[in-house]
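In full-length UniProt numbering, the protein residues as written are 1 to 161. We put the CB at the ideal spot given by N, CA and C, even for glycine. Because the structure is a prediction, the values reported are computed rather than measured. Data first, discussion second: the structure below is written as structure tokens.
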């Protein structure tokens with residue numbers, strides 16, 4: 001259902017549907033570079049996990065259920081989630097600052113008729129600036145994170161004097 005909504009709205013995070021029984025040797029490219037993943041199944045609550053730990057957990061869950069995996073920003077707080085209730089109040093939709101006129105919401109509303117339904121849409125601010133990283137020493141440059149992004153399974157540290 002989420003994929004259909006993303007298609008109708010023309011917007012949404014990178015997402016992958018994985019059928020039950022699938023075995024992954026690596027994460028799909030569309031979500032592999034995301035810092036965190038939101039993993040949804042029909043039998044469990046949604047799980048938020050780091051990309052580094054996700055492969056084992058996803059393969060384990062795929063033994064019993066299909067999964068829907070989405071990218072999720074690393075620096076996401078509850079304040080960055082916006083809940084847009086519908087049907088839209090016509091008096092409120094004309095005021096500035098409401099999300100009823102957001103391009104993705106407008107497009108979705110015109111495609112599936114949100115004014116005739118009841119519920120809410122969750123919008124996620126994906127343009128969040130990450131916090132400044134602390135400076136690191138030269139000897140600590142090769143980290144597990146950098147090695148995984150390079151696709152390396154072996155971390156080698158070269159120390160120069």
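Residue i in three-state terms, based on DSSP
i, result
"residue 24", "coil"
"residue 55", "helix"
"residue 124", "strand"
"residue 186", "Here the chain covers residues 1 to 161 and nothing more, so residue 186 does not appear."
"residue 61", "helix"
"residue 71", "strand"
"residue 117", "coil"
"residue 136", "Reliability fails at residue 136, whose pLDDT of 44 lies under 50, so the model's placement of it is uncertain and no value is given."
"residue 66", "coil"
Residue i versus residue j - alpha carbon distance
i, j, result
"residue 98", "residue 6", "20 Å"
"residue 27", "residue 55", "6 Å"
"residue 100", "residue 41", "29 Å"
"residue 109", "residue 43", "29 Å"
"residue 85", "residue 8", "18 Å"
"residue 20", "residue 67", "7 Å"
"residue 31", "residue 116", "34 Å"
"residue 106", "residue 72", "23 Å"
"residue 37", "residue 14", "10 Å"
"residue 114", "residue 87", "6 Å"
"residue 58", "residue 103", "33 Å"
"residue 81", "residue 121", "10 Å"
"residue 16", "residue 119", "24 Å"
"residue 18", "residue 60", "12 Å"
"residue 10", "residue 63", "32 Å"
"residue 24", "residue 46", "20 Å"
"residue 90", "residue 29", "42 Å"
"residue 52", "residue 33", "10 Å"
"residue 12", "residue 49", "19 Å"
"residue 83", "residue 123", "6 Å"
Residue range of the unbroken alpha helix (DSSP H) whose run includes residue i
i, result
"residue 162", "Residue 162 lies beyond the residue range present for the chain, which begins at 1 and ends at 161; the question has no answer from this structure."
"residue 48", "Residue 48 -> not in any alpha helix (DSSP H); beta strand (DSSP E) instead, spanning 47-50."
"residue 29", "29-32"
"residue 107", "103-112"
First and last residue of the uninterrupted beta strand (DSSP E) at residue i
i, result
"residue 7", "Per DSSP, residue 7 belongs to no beta strand (DSSP E); it is in the alpha helix (DSSP H), 2-9."
"residue 18", "15-18"
8 Å Cβ cutoff, residue i in contact with chain B
i, result
"residue 33", "Of the protein chains in the structure, only one exists, and it is not chain B."
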